[in-house]
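Here is the structure we will look at, set down as structure tokens.
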Amino acid sequence: MEHILLAFANLLHPSVFIFLFSGVCIGLIVGSLPGLNDTITLAVLIPVTFSMEPTAAFALLVGVYCSACYGGSIPAILLKIPGTASSVVTTFDGYPMAQQGRAGEALGISTTSSVFGGLLSSLVLMFLAPVLAKCALRFGPPEYFALSILGLSTVAGMSTNNVVKSLIVCAIGLMISTIGMSPQTGFPRFTMDNPWLLEGIPFVPMLIGLFGLTSVLEVAEELWKVQKAGGDKKKLVIPKIGRILPTRKMVKRLLPTWITSATIGNVIGVIPGAGMLMAIYLAYDQAIRSNKDKKFGTGVPEGVAAPEAANNAVVASSMVPLLALGVPGNSTSALFLGALMIQGLRPGPSLFQDSPDIAYLIIVGFFVANLIMGPLGILMGKTLSKVIFKIPKQMLGAIIGLLCVTGAFAVGNSTFNIWVALFFGIVGYTFNKLKLPHSPLILAMVLGAMMERGLYQSLVLSKGSPMIFFERPISLLMLTVAALFIIAPVFKYLRSRKTRASV
Amino acid sequence: MIYWKNDFLLSIFLLLVSIATYVSALAYPEVPGQFPKFLAIAFGGLSLLLMFNAISRRKDSGKFFEDIGKFYGPTMISIGVAIYAFSLKHLGYITSSILLVLYVIFILGYRDKKRALITSIITVVLVFVAFRIFLMVPLPLDFFIPE
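Just so you know, the protein sequences line up as chains S and Z, in that order.
For the first sequence, the working numbering begins at 17 and goes up steadily by one.
For the second sequence, the working numbering begins at -2 and goes up steadily by one.
Structure follows, in structure tokens:
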């Protein structure tokens, strides 16, 4: 408890609080800009945090991550253009509400739902991460091996599209993780005699490429399509906004939806590789099931509340596996992994022992950022919607590109990192074209070294017997859950075949 | 839409990568070579699965992508960034970055030259000041800037 109180005191110090506040403002702006999101912004900002005080750096990053997700709902409601992928579902009922002259009400519901989901998930993070980290301190090599298998198996179990493609991306990530010196012997592998590769592929430039440069390439394609179609003739009309704060009656009505959706978001967030989209669709689906008398898609307040409470609940809870176990919950929390590494910190259970000030500052930061986000969102909502679409996308694309290459260079003061960012920018773009998911790649790259080290150290401990993984209860439990995750898609496929055959 | 030919070609490419990985790993000593060899086998298996999956959809369409022209912008930007990486040390940060920003703006289809030039100069100077002066990153200096 004293760590939490100390973190509150640290965070509320003006020199740190200003960064958290700036982070929330930046997050709201980038979230509202279609084409920009939290991952791109964090990828660009991480090199900037390199020479900052760790407390200020993490306050900034937490602020961005927290509010970008909510910022996406503003254009989703007002213009039917989701600012981020996590606000796609918000357009279903948010936009019809705006068209009915209830834009302010929809924005208010989105704000309060996001704050509710965010606060609940920061409480989950606050109490679950330290407990989980304490348990993880007892982990030995077999448990770490089992944990990495569990982490990767969730990709198969939670994959909504092509399971084979998700597994292929996992395998690519694992293979990339073998580049550099072997964790056992220090023997260089796949380095092509390049000294820059001895420590493996530089993580932050890779993330900058995968999220930042990929988005610039996507913008180039999108603008080409617009040009081919004879230019963007659509005139954006921002509806009248009016009263934003929801009434007490509305809050009472939405409370069950908030609780259910935030719970879904928290559960999904904690599972590595599950992703935010799954949470918002599940929450929306659950809202439809619980409100059968309402016609969703026509401007139902629950249709805005459910996805917004769920997506913000994923935010802090996705940090639980990262802070407690060193396993990122999603792509954005993987960027935090990069930020921690750049500050010389080691994510995982030892973070709570070695740097409790930073671990708890991140945790408390999510709570405070959500509290700031509410009033700031209401204040900025109206202005943002009027300003955001005045910035030409071409300028924005070029500026992001410049920040990406400069950031990549800054990480190691070397042009080699620009090449890495460019390579992964092209890889990310190609992945998008071939419908290959990004998040399993990062998860596998992070887990690869943990898996290899865990495997060899366990086999050394057991003198070569693989039974060690099944003799220890935690390892056995994790491997059993992993097996269930792997078997689940097979059963799903068999059941769908059976259903199709019977139709 | 993902056409079956794309997945088929991807599976062949990945299969070749897995073979190359396995062959390279054969040259390594036993301990460091074991994990990559195991991964290469698993990767090869998954590539074959993708290949069968693609072949089973071969009646979908014979096309690769609906429009190849859409790759023009992304290709040109990638080339621009590659040239930038080459020129950074020779031209210095400010010159090469202004050229890069201008190039990307025009490739993306913006036609107002004056605004593009002003934006690129202001952005590059701001980023340079932020990184070089505040964050103390040793960005390569241009000939007109004293050490």
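Glycine residues also receive a C-beta, built at the ideal position from the N, C-alpha and C atoms.
First and last residue of the uninterrupted alpha helix (DSSP H) at residue i
| i | result |
| --- | --- |
| residue 452(S) | Run containing residue 452(S): none; DSSP gives neither H nor E here. |
| residue 370(S) | 365 to 370 |
| residue 37(S) | 30 to 48 |
| residue 319(S) | 317 to 333 |
| residue 1(Z) | 1 to 23 |
| residue 266(S) | 264 to 286 |
| residue 104(Z) | 90 to 104 |
| residue 93(S) | 89 to 95 |
| residue 411(S) | 409 to 428 |
| residue 47(Z) | 27 to 52 |
| residue 64(Z) | Run containing residue 64(Z): none; DSSP gives neither H nor E here. |
| residue 234(S) | 230 to 244 |
| residue 123(S) | 119 to 152 |
| residue 215(S) | Unbroken run through residue 215(S): none, as it is neither H nor E. |
| residue 115(S) | 106 to 115 |
| residue 64(S) | 54 to 65 |
| residue 304(S) | 292 to 306 |
| residue 354(S) | 347 to 358 |
| residue 100(S) | No alpha helix (DSSP H) holds residue 100(S); DSSP gives it neither H nor E. |
| residue 116(Z) | 110 to 125 |
| residue 224(S) | Per DSSP, residue 224(S) belongs to no alpha helix (DSSP H) and is neither H nor E. |
| residue 20(S) | 18 to 27 |
| residue 484(S) | 484 to 487 |
Nearest to residue i (by Cα), restricted to the options the options
| i | options | result |
| --- | --- | --- |
| residue 158(S) | 506(S), 507(S), 475(S), 41(S) | 475(S) |
| residue 112(Z) | 67(Z), 125(Z), 98(Z) | 98(Z) |
| residue 457(S) | 407(S), 441(S), 186(S) | 186(S) |
| residue 343(S) | 140(S), 22(S), 462(S) | 462(S) |
| residue 245(S) | 115(Z), 66(Z), 10(Z), 22(Z) | 66(Z) |
| residue 165(S) | 512(S), 380(S), 496(S) | 496(S) |
| residue 236(S) | 134(Z), 103(Z), 136(Z) | 103(Z) |
| residue 421(S) | 19(Z), 49(Z), 80(Z), 30(Z) | 80(Z) |
| residue 410(S) | 223(S), 231(S), 128(S) | 231(S) |
| residue 48(S) | 425(S), 477(S), 447(S), 396(S) | 396(S) |
| residue 44(Z) | 122(Z), 16(Z), 20(Z), 123(Z) | 16(Z) |
| residue 491(S) | 42(S), 46(S), 163(S) | 163(S) |
| residue 109(S) | 123(S), 284(S), 448(S) | 123(S) |
| residue 227(S) | 478(S), 62(S), 32(S) | 62(S) |
| residue 440(S) | 52(S), 219(S), 85(S), 38(S) | 219(S) |
| residue 72(Z) | 472(S), 446(S), 503(S), 79(S) | 446(S) |
| residue 40(S) | 58(S), 26(S), 25(S) | 58(S) |
| residue 46(Z) | 98(S), 179(S), 103(S) | 179(S) |
| residue 82(Z) | 240(S), 417(S), 120(S) | 417(S) |
| residue 41(Z) | 52(Z), 95(Z), 77(Z), 7(Z) | 7(Z) |
| residue 64(Z) | 433(S), 430(S), 238(S) | 238(S) |
| residue 353(S) | 128(S), 378(S), 317(S) | 378(S) |
| residue 448(S) | 356(S), 229(S), 268(S) | 229(S) |
| residue 66(S) | 356(S), 147(S), 209(S), 85(S) | 356(S) |
| residue 198(S) | 477(S), 510(S), 487(S), 469(S) | 469(S) |
| residue 132(S) | 430(S), 385(S), 42(S), 500(S) | 385(S) |
For residue i, the residue or residues it bridges with in DSSP
| i | result |
| --- | --- |
| residue 196(S) | 205(S) |
CB-CB length for residue i against residue j, believed under 8 Å
| i | j | result |
| --- | --- | --- |
| residue 297(S) | residue 319(S) | Not really, about 12 Å apart at Cβ, beyond 8 Å. |
| residue 348(S) | residue 81(S) | 6 Å |
| residue 141(S) | residue 336(S) | 6 Å |
| residue 527(S) | residue 182(S) | This structure cannot speak to residue 527(S), because chain S is shown only from 17 to 519. |
| residue 381(S) | residue 333(S) | Their Cβ separation, rounded to whole angstroms, is 14 Å, which puts residue 381(S) and residue 333(S) out of contact at 8 Å. |
| residue 9(S) | residue 72(S) | One cannot answer for residue 9(S) here, as it falls past the ends of chain S, which runs 17 to 519. |
| residue 363(S) | residue 387(S) | Actually they are not in contact, since the Cβ atoms of residue 363(S) and residue 387(S) sit about 25 Å apart, beyond 8 Å. |
| residue 5(S) | residue 455(S) | In this structure chain S extends from 17 to 519, so residue 5(S) is not present and cannot be described. |
| residue 278(S) | residue 137(S) | 7 Å |
| residue 389(S) | residue 160(S) | Contact flag wrong, Cβ pair sits at about 36 Å. |
| residue 195(S) | residue 216(S) | 5 Å |
| residue 134(Z) | residue 128(Z) | 4 Å |
Exercise. Going along the chain, which residues of the region 401 to 435 of chain S sit with their C-beta nearer than 8 Å to a C-beta in chain Z?
Worked result: 408, 409, 410, 411, 413, 414, 415, 417, 418, 419, 421, 422, 425, 426, 429, 431, 434, 435
Problem set entry | Residues of the region 35 to 50 of chain Z with Cβ closer than 8 Å to any Cβ of chain S, in chain order | Listed in sequence order: 36, 37, 39, 40, 43, 44, 46, 47, 50.
Exercise. Taking any Cβ of chain Z, which residues in the region 137 to 150 of chain S have a Cβ under 8 Å from it, in chain order?
Worked result: none
Exercise. Taking a cut of 7 Å between CB atoms, which residues from the region 89 to 113 of chain Z lie near chain S?
Worked result: 94, 97, 98, 101, 102, 104, 105, 106, 107
For this session: Please list the residues of the region 11 to 34 of chain Z that have a C-beta atom closer than 9 Å to any C-beta atom in chain S, keeping them in chain order.
Result: Along the region 11 to 34 of chain Z, going in chain order, the ones with a CB nearer than 9 Å to a CB of chain S are 11, 14, 15, 18, 21, 22, 25, 26, 28, 29, 30, 31, 32, 33.
For this session: Select from the region 465 to 491 of chain S all residues with a C-beta closer than 9 Å to any C-beta belonging to chain Z, and list them in chain order.
Result: 467, 468, 471, 472
Problem set entry | chain S contacts made by the region 71 to 89 of chain Z, where a contact means CB separation under 7 Å | Those residues of the region 71 to 89 of chain Z that come within reach of chain S (Cβ to Cβ, closer than 7 Å) are 71, 74, 75, 78, 79, 81, 82, 85, 86.
For this session: Report the residues of the region 54 to 82 of chain S with a CB closer than 7 Å to any CB of chain Z, ordered along the chain.
Result: 64, 66, 67
Exercise. In chain order, what residues of the region 120 to 134 of chain Z put their CB closer than 9 Å to some CB of chain S?
Worked result: 120, 121, 124, 125, 127, 128, 131, 132, 133, 134
Exercise. Along the region 184 to 217 of chain S, what residues have a CB closer than 8 Å to any CB found in chain Z?
Worked result: 184, 187, 188, 190, 191, 194, 198, 200, 201, 203, 205, 206
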